[in-house]
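Chains as they are written, first to last, in the working numbering: chain A, 1 to 400; chain B, 401 to 800.
Each residue gets a CB set at the ideal place from its N, CA and C atoms; glycine is no exception.
Keep in mind that this is a model prediction, so the values were computed, not measured.
2 protein chains.
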Amino acid sequence: MTHLDLVKTLHEPNETKIVLVVADGLGGLPLQPGGRTELETANTPHLDQAAREGVCGLSIPVLPGIAPGSGPGHLALFGYDPLEYQIGRGILEALGIGFAIGPNDIAVRGNFCTVDAQGRIIDRRAGRPSTERCVELVNKLRQIRIPGVEIFVEPVREHRFVLVLRGEGLGDEVNDTDPQQEGVPPLRAVGRPGSERTAELVNQFVERAATLLRSEAPTNMITLRGFSRHPKIPTMQEIYGLKPVALAVYPMYKGLARLVGMDVVDGLKSLDDQLAALEQHWGQYDFFFLHYKYTDSTGEDGNFEAKVKAIENLDQAVPRIRALKPDVLIVTGDHSTPSKLRSHSWHPVPTLLVADTCRPDAVSAFGESACLHGGLGLFPAKYLMLLALAHARRLAKFGA
Amino acid sequence: MTHLDLVKTLHEPNETKIVLVVADGLGGLPLQPGGRTELETANTPHLDQAAREGVCGLSIPVLPGIAPGSGPGHLALFGYDPLEYQIGRGILEALGIGFAIGPNDIAVRGNFCTVDAQGRIIDRRAGRPSTERCVELVNKLRQIRIPGVEIFVEPVREHRFVLVLRGEGLGDEVNDTDPQQEGVPPLRAVGRPGSERTAELVNQFVERAATLLRSEAPTNMITLRGFSRHPKIPTMQEIYGLKPVALAVYPMYKGLARLVGMDVVDGLKSLDDQLAALEQHWGQYDFFFLHYKYTDSTGEDGNFEAKVKAIENLDQAVPRIRALKPDVLIVTGDHSTPSKLRSHSWHPVPTLLVADTCRPDAVSAFGESACLHGGLGLFPAKYLMLLALAHARRLAKFGA
Chain A
1 MTHLDLVKTL
11 HEPNETKIVL
21 VVADGLGGLP
31 LQPGGRTELE
41 TANTPHLDQA
51 AREGVCGLSI
61 PVLPGIAPGS
71 GPGHLALFGY
81 DPLEYQIGRG
91 ILEALGIGFA
101 IGPNDIAVRG
111 NFCTVDAQGR
121 IIDRRAGRPS
131 TERCVELVNK
141 LRQIRIPGVE
151 IFVEPVREHR
161 FVLVLRGEGL
171 GDEVNDTDPQ
181 QEGVPPLRAV
191 GRPGSERTAE
201 LVNQFVERAA
211 TLLRSEAPTN
221 MITLRGFSRH
231 PKIPTMQEIY
241 GLKPVALAVY
251 PMYKGLARLV
261 GMDVVDGLKS
271 LDDQLAALEQ
281 HWGQYDFFFL
291 HYKYTDSTGE
301 DGNFEAKVKA
311 IENLDQAVPR
321 IRALKPDVLI
331 VTGDHSTPSK
341 LRSHSWHPVP
351 TLLVADTCRP
361 DAVSAFGESA
371 CLHGGLGLFP
381 AKYLMLLALA
391 HARRLAKFGA
Chain B
401 MTHLDLVKTL
411 HEPNETKIVL
421 VVADGLGGLP
431 LQPGGRTELE
441 TANTPHLDQA
451 AREGVCGLSI
461 PVLPGIAPGS
471 GPGHLALFGY
481 DPLEYQIGRG
491 ILEALGIGFA
501 IGPNDIAVRG
511 NFCTVDAQGR
521 IIDRRAGRPS
531 TERCVELVNK
541 LRQIRIPGVE
551 IFVEPVREHR
561 FVLVLRGEGL
571 GDEVNDTDPQ
581 QEGVPPLRAV
591 GRPGSERTAE
601 LVNQFVERAA
611 TLLRSEAPTN
621 MITLRGFSRH
631 PKIPTMQEIY
641 GLKPVALAVY
651 PMYKGLARLV
661 GMDVVDGLKS
671 LDDQLAALEQ
681 HWGQYDFFFL
691 HYKYTDSTGE
701 DGNFEAKVKA
711 IENLDQAVPR
721 IRALKPDVLI
731 VTGDHSTPSK
741 LRSHSWHPVP
751 TLLVADTCRP
761 DAVSAFGESA
771 CLHGGLGLFP
781 AKYLMLLALA
791 HARRLAKFGA
C-alpha cells in the first residue's frame with residue numbers, strides 16, 4: 001500500500017484551507033566555505049516569524065543525491081512518488097509552452113539540426129538559431145499533412161520545437177530519432193508493439209520535413225526525442241478530496257498543476273497578480289498552489305544577489321497571504337538551485353509549515369542550517385501533502 | 401523503479417575521483433552512561449577538520465535495529481539494497497578465505513562435529529579443534545573424488561571449512577544438513593527442482609567424509625550450511641559508470657569488492673601499503689574503496705583502548721589521502737562494533753563526506769553525537785553512493 005492508497009481512505013472534508021507556496025529552486029549554498037546561503041543572507045522577517053510559529057525541516061525531492069527537474073520536483077510536492085509517476089520529455093515540453101495536451105496525443109520534443117550532403121548530423125543544435133527563425137521554420141513544417149492523424153508543430157525557442165500527433169490508436173513506444181552524437185544520420189523511428197503505425201507516421205513527417213528544410217541550412221533537418229503521452233495520474237481531488245487551484249505565471253507550472261487535476265487561473269503576470277488571485281478565489285477553493293519562479297531563474301543565472309533579492313520579494317508577500325488566515329501555510333521549493341552551481345541541485349530544500357497544531361521546534365529563522373534542526377527533520381517531499389492534510393485536520397485516524 | 405535503476409540512467413562521465421574509506425565497525429558506544437564512544441575519545445584532528453569542511457550524518461546499514469554482517473554492510477555502502485542482494489553463507493565464507501569462486505560453483509560452509517555411536521550429534525563444533533587440526537582434516541577430505549563434479553575443500557579455522565562443488569548443472573536449492581541442534585543425526589541433503597543431482601552429490605560426499613573421519617573423534621563427522629552460488633549483482637561500472645578499485649588487506653573485503661566488479665590490488669599488508677597503492681593507482685581509477693579492518697577487530701575483542709588507537713592510526717592517514725585532492729572523500733563504516741558489546745551492532749554509523757559542494761552544517765568534530773546534527777541526517781547507507789556521485793558531479797538532472 002502506498003501513502004496515496006492510504007490517504008485516499010483517510011481524507012475527510014472540512015472547511016480548512018491550505019496554501020502551498022513553492023519558491024522554485026529555493027535551497028542554496030554559500031559562495032564561500034562557512035558562509036551563508038542565499039536564504040540565510042536574505043532579510044526575511046515574515047518567513048522567520050512563520051518559522052518561529054510553525055515547524056521546519058528539509059525535504060528531499062526524489063532521493064538523496066538526485067537533482068530533479070521541475071516535473072519530478074513538483075510531483076513530489078503534490079504528493080506523488082516521482083519515481084512512480086514519470087512525465088515524458090515531450091509532454092513536459094508541451095506543458096512548458098502551454099499546449100493543451102489531450103488524452104489521445106503523442107508529444108515529442110524536436111530539435112532543428114544540421115546535416116551534411118550525406119545526411120550525417122554535423123550540428124545537433126543547428127548553430128542555435130534565433131527564436132524568430134525557429135518560428136519561421138515551424139511555420140514551414142506546419143504545411144505537412146498526413147492522412148489519419150492531426151499534426152501540431154509548436155515553436156519552443158532557438159533550435160527547439162514540439163511536435164504533437166493527435167489521433168486514435170497512437171502509441172508512445174517509439175525510439176528517439178536523435179542519435180545523440182554527430183557524424184551519423186538521424187535514426188529511423190521504430191515502434192514497439194502498438195506503436196508501429198505511430199513510428200510510420202513519424203517517419204513520413206520527418207521525410208516531408210527534410211524536403212521542406214533542404215535549402216534552409218544550417219537548419220536543414222530535425223531530430224525527435226521523448227515520445228510520450230499524458231501520464232495517468234490520479235487527481236488531487238480523488239486522492240485528497242481537495243478542490244485545488246494553481247496560481248502560476250509560467251506555463252510549465254500551470255501544465256504540471258493541470259496534470260494533477262488543479263484548476264488554473266490564467267493571465268497572471270506577477271506575484272502581485274498571484275496574490276490578488278489568491279484573495280479573489282479564496283472562497284472557491286481549499287488548496288492553493290502559488291508558484292514563485294524567480295528564486296530558480298536567478299539561481300540558474302548564478303546571480304547570488306538577485307536570488308537574495310527574489311527571496312526578499314517573496315518575504316514581502318507573506319503578510320498578505322497570512323492575512324487570509326490559511327489553516328495551513330507551507331513555504332518550500334521543488335529543489336535547490338544554488339547560484340554557486342548555476343543549476344538545479346540535490347541539496348535538501350528548506351521547508352516551513354505553519355498551523356495551530358505545530359509542535360514547537362527551536363528554529364527561529366528560515367534557512368538551511370536552521371531547518372536542519374527543525375521538527376520535520378529531513379523528509380521525503382512526497383510526504384509533505386500528508387502533513388498538510390493532517391494539520392488541516394482532514395485525515396481520519398488510520399486503523400481502530 | 402529502484403535507486404539503482406534510476407542512477408543507471410543518470411550517470412555521466414567526468415574526471416572526478418571519489419575515495420570511500422570504510423573503517424570497519426566504526427561506530428561505538430560509551431563504556432559508562434554519559435561517557436564517550438571510541439570515536440569521540442580518539443584524538444582525530446584530521447577527521448575533525450574534514451567534518452568541519454564537509455557534511456556529516458549517521459548511516460543505517462540495513463534497517464533500524466538490524467546489525468549487519470560484513471556482506472550486507474558493505475553491499476549497502478556500495479549502493480546495493482542489502483535486502484535485495486543477499487550473499488549466501490557459503491559464498492561469503494569462500495570470499496572470506498580468498499577462494500576464487502566461479503560462476504558454476506556451489507559453495508557451502510562446513511563444520512566438523514562430533515557424533516555418537518548412533519550417529520547423533522553430541523557437539524556441533526567438535527570441541528573447537530585447533531586450526532592446524534582443521535587443516536589436517538581438510539587434507540583427508542581432499543581425497544574424496546566423485547565423478548562428474550570437481551570438489552574443493554578449504555580450511556577456514558577451528559571447526560570451520562568451505563566445500564565448493566564445481567560443474568555444469570549444479571543448483572544451490574539444497575537444505576542445510578546441519579540440524580542446528582544436538583541429539584539428532586545430521587540431515588540428508590534434499591534438492592529442490594534443479595538441485596536434485598547436487599543434493600545427491602553432497603550426500604555421496606558426506607558419506608565418504610563420514611567414513612574417512614570415523615576414527616577421528618571428536619571431529620568424526622561434518623555438517624553443511626548455506627549452499628549458495630555467486631549472486632547476480634550488476635557491477636559498479638554498469639550502475640555508476642565508475643572504474644573502481646579496492647585497496648583491502650583481508651580476503652573477505654577483496655571478495656566483496658570483486659563481487660560488485662571492482663579491480664583489486666593484491667598483496668597489501670598494512671594501511672601504509674594501502675596508502676601507497678592509492679597513490680600509485682590514482683591515475684588509473686576514479687573510485688577507490690579503502691578498507692580498514694582494525695576498528696572492527698578491536699571492537700570485537702572488547703578492547704576499547706585498542707579501538708581508540710586504531711581510530712587514531714586511521715586519522716593519521718587522512719592527510720596523505722587528502723593530499724591527492726579527491727573530489728569526494730567519504731569516511732564511514734559498514735556497521736558499528738562497540739567494544740562494550742564485543743560484536744557488530746545495529747547502531748547508526750558516523751559518516752562524513754567532504755567535497756566543495758557541501759552545504760555547511762554545525763558539526764565540528766567527527767563523532768556519533770556530533771554527526772546526529774549533521775546535514776546528512778540519519779540516512780540509509782544504500783543512498784551514500786548517490787551522494788558520492790552527486791558531489792562528484794557525475795549525475796545528470798532527473799526529469800526535465
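Counting the other CB atoms within 10 Å of its CB gives Arg614(B) a total below 16, which places it among the exposed residues. In the DSSP assignment, Thr351(A) falls within the beta strand (DSSP E) that extends over 349-354.
The beta carbon of Pro30(A) lies closer than 6 Å to those of Arg36, Thr37 in the same chain, with the five residues before and after it left out. With a beta-carbon spacing of about 15 Å, Met662(B) and Val649(B) fall beyond the 8 Å limit used to define contacts.
Residue state for Cys513(B) is assigned as strand, using DSSP reduced to three classes.
The C-beta distance from Thr219(A) to Leu165(A) rounds to 22 Å, too long to fall under 8 Å, and the pair is not in contact.
Within the region 626-673 of chain B, the beta strand (DSSP E) runs of at least 3 residues that lie entirely inside it are, in chain order, 644-647. DSSP, reduced to helix, strand and coil, places Val138(A) within a helical segment of the structure shown. A direct Cα-Cα distance of roughly 34 Å separates Ser345(A) from Ala677(B). Those residues of the region 442-467 of chain B placed with their C-beta closer than 8 Å to a C-beta in chain A are Glu453, ordered along the chain. Nearest CB-CB separation between Ser369(A) and chain B: below the 9 Å threshold. Nearest CB-CB separation between Leu83(A) and chain B: below the 9 Å threshold.
Just measuring C-alpha positions, the residue of Ile544(B), Val664(B), Glu616(B) sitting nearest Phe512(B) is Glu616(B).
Against chain A, the beta carbon of Pro760(B) has neighbours under 7 Å at Pro30, Gly34, Ser369, listed in chain order. Excluding the 5 residues flanking it on each side, Lys8(A) has same chain C-beta neighbours closer than 6 Å at Ile239, in chain order. Closest in C-alpha terms to Val574(B), from the list Leu787(B), Asn703(B), Ile506(B), Gly667(B), comes Ile506(B).
Closer than 9 Å to the CB of Tyr640(B) there is not a single CB belonging to chain A. Looking at the DSSP output, Phe379(A) sits in a beta bridge with Ser59(A). Rounded to whole angstroms, the Cβ separation of Val455(B) and Asp761(B) is 6 Å, and the two are in contact under 8 Å. With respect to Gly683(B), Pro585(B) sits apart: the two C-beta atoms are not nearer than 9 Å. One Cα belongs to Leu6(A), the other to Gly399(A), and the distance between them is close to 11 Å.
Closest by C-alpha distance to Met621(B), out of Thr757(B), Phe688(B), Glu582(B), Leu447(B), is Glu582(B). Taken through DSSP and simplified to helix, strand or coil, Arg320(A) comes out as helix.
By the neighbour-count definition (other C-beta atoms within 10 Å, threshold 16), Gln432(B) is an exposed residue. For Glu279(A), the closest alpha carbon among the candidates Gly302(A), Leu256(A), Ala317(A), Ser297(A) is that of Ala317(A).
Nearest neighbour of Phe161(A) by Cα position, chosen from Asp172(A), Phe99(A), Gln204(A), Gly191(A), turns out to be Phe99(A).
Scanning chain A for C-beta atoms nearer than 7 Å to the C-beta of His403(B) yields Leu63, reported in chain order. Where Thr332(A) is concerned, the enclosing beta strand (DSSP E) starts and stops at 328-332. From the listed residues Gly548(B), Ile544(B), Leu495(B), Ala796(B), the smallest Cα separation to Arg608(B) is found for Ile544(B). Listed in chain order, the non-local C-beta contacts of Pro748(B) below 7 Å within the same chain comprise Gly427, Leu458, Ser459, Ile460, Leu778, local neighbours out to five positions each way being set aside.
Taking 9 Å as the CB threshold, Leu278(A) stays off the interface with chain B. In the three-state reduction of the DSSP assignment, Asp715(B) falls in the helix class.
Ile418(B) and Ala189(A) have their C-alpha atoms some 39 Å from each other. Lys254(A) and Tyr292(A) have their alpha carbons spaced roughly 12 Å apart.
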